[in-house]
Amino acid sequence: MFARTWQLGIDIQPRTFCAVAVSYQRKGWQLRRWWQFSSHINVVESGRLCQSEWLNNRLSDLRRQLPGRTSVRIGLSPEIIMQQSISTPEMSLPINLQRNILDLAAERSLMLPRSEFVCDYTRLPSHPKAWLMTAVRQQDMHDWQTPLIAAGLTPNVADITPCALRRAAALSGQSPTALLLHVGEYVLTWTAPFSQPLAFGFIARQSGESMPELIERAVAHAGLQGIDSPEVLTCGTNNASGWSPFRALTYLQPPLPSQPEMFALAVGLALCEERTSWSR
450 MFARTWQLGI DIQPRTFCAV AVSYQRKGWQ LRRWWQFSSH INVVESGRLC
500 QSEWLNNRLS DLRRQLPGRT SVRIGLSPEI IMQQSISTPE MSLPINLQRN
550 ILDLAAERSL MLPRSEFVCD YTRLPSHPKA WLMTAVRQQD MHDWQTPLIA
600 AGLTPNVADI TPCALRRAAA LSGQSPTALL LHVGEYVLTW TAPFSQPLAF
650 GFIARQSGES MPELIERAVA HAGLQGIDSP EVLTCGTNNA SGWSPFRALT
700 YLQPPLPSQP EMFALAVGLA LCEERTSWSR
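Sequential numbering of the sequence shown, starting at 450, is according to our numbering.
Right under this line is the structure:
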């Protein structure tokens, strides 16, 4: 019998590292393993991965516990994501020429030379001449990939964390109208309900701020972007909201984490479809 490929979602926060491995069986997804590590130093600063012996050791330990057939997925923070809509002429052109036109439009929009960023384009269904461009600086992508590659965990997919959060919420049967909040150690990221077009943002946490106050600010920030929702769904650090992204999986292996909501991004990343993106 052939070995099934494991899909590994890796979520690295400033002082917390969560990973989830799954594989697809005949009737659904099976949880293979989960890992959680805590660091006494920041390994992520402003969304950028920092070089750290602690992180290198954890990644190497993780690689040794995985089969050879493992597809690795990482999540990029909104703090380093540049996302804009760009308009182009109506195009029925060869894919290479179409890509060149989009790249030129992206350069003008970001005011950066094409060599300094990697990007992905998605057509906006509501506007036939418009595309959603998601870009990350080349150096930021390199910094994320380097320690993983060194540990033998070359990323197959680099997703953005708002998409991972929406995927985890949708596949685990959460409310389609809930504003999604991921509470990090230093930053809260909000994401539009998965029944609505993708939109997201982030706010810095303030010293002495209570969780209700933080959530109130996040809801207000989302409202300024036209995202109104009657309910919120929270996950992340020190946030016992009671929802479990592991409900997206058919086959579970106890013991499960005592705070399953801390694994929302890792589960969402693990369940991301294999795809090619982020052209250079």
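Heads up, the beta-carbon is just placed ideally off N, CA and C, and yes, glycines get one too.
Just so we're clear, the structure is a prediction, and the values are computed from it rather than from any experiment.
Residues near residue i by beta carbon distance below 8 Å, same chain, minus five either side
i, result
"L720", "Q456, G458, V471, W478, R616, A617, L620, A697"
"K476", "T699"
"E680", "S624, T626, A627, L628"
"T603", "V521, Q594, L597"
"E710", "T683, C684, G685, N688, A689, S690, G691, W692, S693, P694"
"E645", "For the sequence presented, residue 645 should be read as Gln rather than Glu. If we look at Q645 and ignore the five residues flanking it on each side, its Cβ neighbours are I676."
"L551", "I535, T537, Y570, W580, M582"
8 Å Cβ cutoff met for residue i and residue j
i, j, result
"M582", "S558", "yes"
"L511", "I461", "no"
"G650", "P527", "yes"
"L480", "Q708", "no"
"I598", "L525", "no"
"P642", "S690", "no"
"L630", "I664", "yes"
"G633", "T571", "no"
"P463", "V493", "yes"
"S488", "A600", "no"
"F712", "P704", "no"
Nearest residue (CA-CA) to residue i, options the options
i, options, result
"W580", "T603, G601, T626, A554", "A554"
"P611", "S575, E565, T683", "T683"
"S564", "V585, Y570, G601", "V585"
"T595", "L504, Q514, L630, A715", "L504"
"G675", "L714, L705, C568, T640", "T640"
"V567", "I529, Q500, Q655, W483", "I529"
"L673", "A648, E556, P543, P661", "A648"
"T638", "A669, S644, G622, G657", "A669"
"Q533", "M660, E662, Q587, E556", "E556"
"M531", "Q587, H576, S656, E662", "Q587"
"S495", "D592, Y473, G657", "D592"
"A468", "I490, Q474, I523, P516", "I523"
Other residues of its chain near residue i: CB distance less than 7 Å, five sequence neighbours each side excluded
i, result
"A653", "Y635, V636"
"M450", "Caution applies to M450, whose pLDDT of 43 falls short of 50 and renders its modelled position unreliable; the value that the coordinates give is listed next. Closer than 7 Å at the Cβ level, and outside the excluded window around M450, lies no residue."
"E723", "S520, N605, V606"
"G731", "Outside the shown range of the chain, which is 450 to 729, sits residue 731, and nothing can be said about it."
One or two residues paired with residue i in a DSSP bridge
i, result
"M582", "Q533, Y570"
"W484", "A468"
"L630", "W639, T683"
"L457", "A470, V521"
"D608", "G524"
"F651", "T638"
"G477", "Q474"
Cut-off 6 Å between Cβ atoms - residues of its own chain near residue i, not counting five sequence neighbours on either side
i, result
"F735", "In the structure displayed, the chain extends from 450 to 729; residue 735 sits before or after that span and is not available."
"L573", "A579, L581"
"T454", "R518, S520"
"Q514", "none"
"S501", "V492"
"R482", "A470"
Cutoff 8 Å: residue i Cβ touching any chain B Cβ
i, result
"E658", "Structure shown: chain B not included; a single protein chain is present."
**Q.** Whole beta strand (DSSP E) elements within the stretch 487-574, 3-residue minimum
**A.** 519-525, 530-536, 566-572
Q) Whole beta strand (DSSP E) runs in the stretch 582-606 with 3 or more residues, listed along the chain? A) none
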